[in-house]
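In what follows, a single structure is set out as structure tokens and then discussed.
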Amino acid sequence: MLTLVNFLRGSVEVEIESVFPERIINLCSQNDIPFWGLRWMSATRLRMKLERRHYRKLCARAKRLSCTITVVGRKGVPFFLGRFKKRYALIAGLLLFLMLIPGSLFIWDIQVSGNKTVTDREILEELKKLGVGIGTFGPSIDPETIKHHALLDIGELSWITVNVSGSRAYVLVRERTEPPEIVDESIPANLVAAKTGVITRMEVYNGSPQFKAGQTVLAGELLVSGVVDTPTVGVRFLHAEGKVYARTWYELSAETPLAAEEKAYTGRETTRLTLVLCGRRINLYLDGGISFADYDKIRSDRKIRLPNGMTLPVSLSAETYREYEPVIVQEERQAAEERLKQALLLQLRLKLDQGEVLNTRFDVGEQDGVLKVTLTGECEEQIAKTTEIPEENLKR
1495 MLTLVNFLRG
1505 SVEVEIESVF
1515 PERIINLCSQ
1525 NDIPFWGLRW
1535 MSATRLRMKL
1545 ERRHYRKLCA
1555 RAKRLSCTIT
1565 VVGRKGVPFF
1575 LGRFKKRYAL
1585 IAGLLLFLML
1595 IPGSLFIWDI
1605 QVSGNKTVTD
1615 REILEELKKL
1625 GVGIGTFGPS
1635 IDPETIKHHA
1645 LLDIGELSWI
1655 TVNVSGSRAY
1665 VLVRERTEPP
1675 EIVDESIPAN
1685 LVAAKTGVIT
1695 RMEVYNGSPQ
1705 FKAGQTVLAG
1715 ELLVSGVVDT
1725 PTVGVRFLHA
1735 EGKVYARTWY
1745 ELSAETPLAA
1755 EEKAYTGRET
1765 TRLTLVLCGR
1775 RINLYLDGGI
1785 SFADYDKIRS
1795 DRKIRLPNGM
1805 TLPVSLSAET
1815 YREYEPVIVQ
1825 EERQAAEERL
1835 KQALLLQLRL
1845 KLDQGEVLNT
1855 RFDVGEQDGV
1865 LKVTLTGECE
1875 EQIAKTTEIP
1885 EENLKR
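So for the sequence shown, this note's numbering puts the first residue at 1495; every next one is plus one.
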């Protein structure tokens, strides 16, 4: 055990030459300097071993004696590491290697794939609630438990699994495919007008039409009835089906100031770096304020990866502040007018479910530096919608 302790602490073997070498032995005993391995080389020379930390003490005490002390051997961990004292890159690589051995058992990167409507953030937050996140001990992850709880909490998913490879977790998901809506044709229903308009054509597949082409219909009025009374069968309740097209009209408006404030970047910018270590942020800058009065803040995060693709629990966050000066810019009237017209046309088309734009008219006006454009649009679209016949009407 003592040999191991001496190896860890480091030891030196010294050769002492003196007319009275025994005085060195007495000196060590008087000053609590332990030694071992004493060998007499001659009447005036001896060798001994002592701990590295006691070597300087021995030299200091032996100055008043007429002797020469020479180091003839060094052993132990401190001397081994001392060889690499100036080889900083080698030492850093060795420490990094020692860190990676246990570090590879923990999760430092999570990749999600297979999702379209469910965001990565939703999935990662759910995994975090289940104990899976950055720094999680990889072998402790139970994919079956995660699958069971995650599918209950995120209804949009039909399947999920977590595969761990080294320090990276691959989350594979499959979203639930909603079955197409099946119309139950056994349920009695009417077709009513979703919008006001002038009917242009009717395609009735089932039911009794209540209007004809050319007639004006108001929103909510009955177009095709699911109640049919025949002389032979009597009253029957049907599921009315069909399409009713009508001319409809819209009036939309939009306005914009001709003089607007914009950003004129000065070219001056400053960047602040932050080291993120296992979720803890360490600022790599002096804590001073931003001297710019008006600026945009742009943040980018970069994870540290090794050449083999392994992600370390370290990332570098850069925040760039770009200075700008607010300036008033005058927009040309013609350009502003065209921009508003295009926006209104797009808005009109988005309002049409099944239809097309037939005619448009634009009215343009300006007041107090504000340009206003009004669109009047004539369209043809399908206006029939299905509504179930109330149960109380079926009992009459």
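Glycine included, each C-beta is placed from N, C-alpha and C at the ideal position. Quantities reported herein were computed from a predicted structural model and do not represent experimental measurements.
Three-way DSSP call (helix, strand, coil) for residue i in this model
i, result
"residue 1549", "helix"
"residue 1682", "coil"
"residue 1609", "coil"
"residue 1864", "strand"
"residue 1518", "helix"
"residue 1950", "The structure shown has nothing for residue 1950, since the chain only spans 1495 to 1890."
"residue 1785", "coil"
"residue 1523", "helix"
"residue 1847", "coil"
"residue 1571", "helix"
"residue 1825", "coil"
"residue 1869", "strand"
"residue 1837", "helix"
"residue 1510", "strand"
Own chain, CB closer than 7 Å to residue i, minus 5 neighbours either side, in chain order
i, result
"residue 1697", "1736 and 1737"
"residue 1555", "1521 and 1525"
"residue 1731", "1682, 1720, 1721, 1883 and 1888"
"residue 1620", "1644, 1647 and 1648"
"residue 1573", "1504"
"residue 1527", "1544, 1548, 1551 and 1552"
6 Å CB neighbourhood of residue i in its chain, flanking five on each side removed
i, result
"residue 1657", "1664"
"residue 1569", "1505"
"residue 1764", "1815"
"residue 1687", "1711, 1713, 1715, 1717 and 1877"
"residue 1653", "1668"
Identified DSSP bridge partners for residue i
i, result
"residue 1696", "1738"
"residue 1777", "1768"
"residue 1810", "1769 and 1796"
"residue 1560", "Paired residues: none, contrary to the question."
"residue 1859", "1866"
"residue 1691", "1711"
Contact set for residue i: own chain, Cβ-Cβ below 8 Å, skip 5 residues either direction
i, result
"residue 1900", "An answer regarding residue 1900 cannot be provided, because it is not within the stretch 1495 to 1890 covered by the chain."
"residue 1650", "1611, 1612, 1669 and 1670"
"residue 1699", "1735 and 1736"
"residue 1626", "1601, 1604, 1635, 1640, 1656 and 1663"
Residue burial classification, residue i (beta-carbon count within 10 angstroms, cutoff 16)
i, result
"residue 1733", "buried"
"residue 1659", "exposed"
"residue 1707", "exposed"
"residue 1630", "buried"
"residue 1602", "buried"
"residue 1873", "buried"
"residue 1531", "exposed"
"residue 1560", "exposed"
"residue 1831", "buried"
"residue 1617", "buried"
Handout entry: Length at least 3, wholly inside the segment 1624-1681: the beta strand (DSSP E) runs in chain order
Key = 1651-1659 and 1662-1669
Practice task
Within the segment 1701-1735, note down every full beta strand (DSSP E) run reaching 3 residues or more, in order along the chain.
Solution key: 1716-1719, 1721-1724 and 1728-1731
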